[in-house]
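Take a look at the structure set out below.
Protein chains: 2
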Amino acid sequence: MEQRVSIITLGVADLARARTFYERLGWRGQEVQETVFFQAGALVVVLWGRDKLAEDAGLTDRGADGFGGLGLAQNVRSRAEVDEILHQAAEAGATVTRPARETFYGGYAGYFTDPDGHPWEIAWNPGFALGPDGSLTVPDFG
Amino acid sequence: MEQRVSIITLGVADLARARTFYERLGWRGQEVQETVFFQAGALVVVLWGRDKLAEDAGLTDRGADGFGGLGLAQNVRSRAEVDEILHQAAEAGATVTRPARETFYGGYAGYFTDPDGHPWEIAWNPGFALGPDGSLTVPDFG
């Protein structure tokens, strides 16, 4: 199995609400057959009915409340950008679950959850190289 | 907010178990401070304690059972590769929750969950272009 991810599918309760939220953050996608596709660099972020995703995956959904065990992050280029995005997300309807703060690794980060509870960390991490295209490279910790 | 994802963090109950699982799939990473980093193209897949992730995100974890509302996918180049990866994952300790089958869009796909229940779809989709580097591009549905 190659070491890569092609698609991240966010299960949503209300597709229009979810799409509007990401559009208010500046994202632009295409909607086809009750599915929204956002090109995100080399991968695709998809919004799809949470019930449909569970059924497709052969899984039982015990409820949409709380933490789902997985988090997404976007690394940004400055502390100011962390604050700006958290503010923008809150204005768009997100819940800021962890206001931005200094991190143990010398960075600055906070979290919001989208309208379906999916957590996003927005982080400035001076130890992780962020390319001009937004690609993130793990440093050699050796 | 730029339209990109830097990190996908998979919350895990047992870091060694999770790392071993992904290594058995052929992935190679670095472990630092009870965190495993896998470079995956332009982004990074991280294994981290589920409890630590919830605490960091300011969220309450109501339990690790079942569907978390989010799914990952890897698109591959052939039907045979779908079968191979699902087989390889099962051998490595995954649960195949949806055996590979024909899909409504003319492809072929199945799902497994990793030892912490994170769902992965392995899909062959002839309508989505997969680059030599594994990048996935959404077609123009217009």
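Residue numbers (this note's numbering), protein chains in the order written: chain A, 75 to 216; chain B, 75 to 216. Note that CB positions come from ideal geometry on N, CA and C, so glycine has one too. All values reported here derive from a predicted model rather than from experimental measurement.
State buried or exposed for Q107(B), treating a residue as buried only when at least 16 other CB atoms are found within 10 Å of its CB. Residue 107(B) sits at position 33 when you count from the first residue of the second sequence. Exposed, since its Cβ has fewer than 16 Cβ neighbours within 10 Å.
Min CB distance W198(A) to chain B below 9 Å: Counting from 1 along the first sequence, the entry for residue 198(A) is found at position 124. No, because no Cβ of chain B sits closer than 9 Å to the Cβ of W198(A).
Roughly how many whole angstroms lie between the Cα atoms of S152(B) and A114(A)? Here residue 152(B) refers to the residue found at position 78 of the second sequence. Here residue 114(A) refers to the residue found at position 40 of the first sequence. So the alpha carbons of these two residues sit roughly 23 Å apart.
Hey, how far is the Cα of V170(B) from the Cα of A154(A)? Position 96 of the second sequence holds residue 170(B). Position 80 of the first sequence holds residue 154(A). The alpha-carbon atoms of V170(B) and A154(A) are separated by roughly 44 Å.
R172(B) versus chain A: which residues are under 9 Å apart at the beta carbon? In the second sequence, the residue the question calls residue 172(B) occupies position 98. Ordered by position in chain A, the residues that pass the 9 Å Cβ test against R172(B) are D130, A131, G132 and L133.
Under 9 Å, Cβ to Cβ, is there at least one residue of chain C near E108(A)? The chain labelled as chain C is not found among the protein chains of the depicted structure, namely A and B.
Endpoints, the alpha helix (DSSP H) within which T94(B) is located: On the second sequence, residue 94(B) is found 20 positions in, with the first residue counted as 1. Unbroken alpha helix (DSSP H) run through T94(B): L89 to R98.
Could you give the distance in angstroms between the alpha-carbon of T187(B) and the alpha-carbon of V118(A)? Against the second sequence, residue 187(B) aligns to sequence position 113. Against the first sequence, residue 118(A) aligns to sequence position 44. Distance between the alpha carbons of T187(B) and V118(A) is about 20 Å.
Check the DSSP bridge columns for W194(A) and list the partner residues they point to. By 1-based counting over the first sequence, the position of residue 194(A) is 120. L146(A) and F186(A).
Residue interval of the alpha helix (DSSP H) (run including L127(A)): Locating residue 127(A) in the first sequence gives position 53, where the first residue counts as 1. Looking at the DSSP string, the run of the alpha helix (DSSP H) that includes L127(A) is R124 to A131.
Within chain B, partners of P193(A) - CB distance below 7 Å: The count along the first sequence starts at 1 and reaches residue 193(A) at position 119. Simply A131 and L133.
Can you check whether the CB of P189(B) is closer than 9 Å to the CB of A131(A)? Translated into the one-based positions of the first sequence, residue 131(A) becomes position 57. Translated into the one-based positions of the second sequence, residue 189(B) becomes position 115. The answer is no: Cβ separation not under 9 Å.
Apart from the five residues on each side of it in sequence, which residues of its chain come closer than 8 Å, Cβ to Cβ, to G201(A)? Your numbering for residue 201(A) matches position 127 in the first sequence. Excluding sequence neighbours, G201(A) sits near Y179, G180, G181 and P213.
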